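Residue numbers (this note's numbering): 151 to 299.
Beneath this line is the structure, given in structure tokens, with notes to follow.
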């Protein structure tokens, strides 16, 4: 089983509260979402693995069992064209759980008129494959968000 941990500190709110139907209706996959602390921070890898997709606003890490986890930093943040995001790793890099992947500031995202809410999604997974999904409450970076069988 893969344990997926929070890439950010903030408040777990669950996918249904994400202001984007692609995420709130779990079209991308099941998981949860974090309303991040409003301060500059590093989004860290939620699992050990390889960075298989990397954009300033989103990244996917694939573990040795083939589980891919998407961390999406804010909603509609692709429209910011990378402004306010700093990549700390490269596509193809092997990362450890808790290692910084992207540096960003949710305050800047809000100032640009975007939601800073961050979906953390299990790609190519069924809802039934996830266990103990955290849907609410304060979380620290590194706290377990869900298990993946």
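The C-beta atom is built at its ideal place from N, Cα and C for all residues, glycine as well.
These numbers come from a predicted model, not from an experiment.
- With at least 16 other beta carbons inside 10 angstroms of its own, residue 193 counts as buried.
- By the neighbour-count criterion, in which 16 or more other beta carbons inside 10 Å mark a residue as buried, residue 160 falls on the buried side.
- Comparing alpha carbon positions, the residue from 258, 165, 169 and 292 closest to residue 232 is 258.
- Taking all protein chains in view, the Cβ of residue 277 is surrounded by fewer than 16 other Cβ atoms within 10 Å, so the residue is classified as exposed.
- A distance below 8 angstroms between beta-carbons, with the five flanking residues on each side excluded, links residue 282 to the following residues of its chain, in chain order: 294, 296 and 297.
- For residue 174, the three-state secondary structure derived from DSSP is helix.
- The shortest C-alpha to C-alpha distance from residue 205 to any of 227, 198, 216 and 179 is the one to 227.
- Here residue 283 carries a coil assignment [DSSP, helix/strand/coil].
- Residue environment for residue 291: buried (at least 16 other C-beta atoms within 10 angstroms of its C-beta).
- Per DSSP, the unbroken beta strand (DSSP E) holding residue 185 starts and ends at 181 to 186.
- Counting the other CB atoms within 10 Å of its CB gives residue 287 a total below 16, which places it among the exposed residues.
- For residue 192, the enclosing beta strand (DSSP E) starts and ends at 191 to 194.
- Boundaries for residue 162: no alpha helix (DSSP H) harbours it, while the beta strand (DSSP E) harbouring it runs 160 to 162, taken from the DSSP string.
- For the alpha helix (DSSP H) assignment, the uninterrupted runs of no fewer than 4 residues enclosed by the stretch 238 to 293 are, from N- to C-terminal side, 256 to 261.
- Here residue 245 has 195, 198, 199, 200, 201, 211, 239 and 251 as same chain residues with Cβ atoms under 8 angstroms from its own Cβ, once five neighbours each way along the sequence are excluded.
- The alpha-carbon separation between residue 169 and residue 269 amounts to approximately 10 angstroms.
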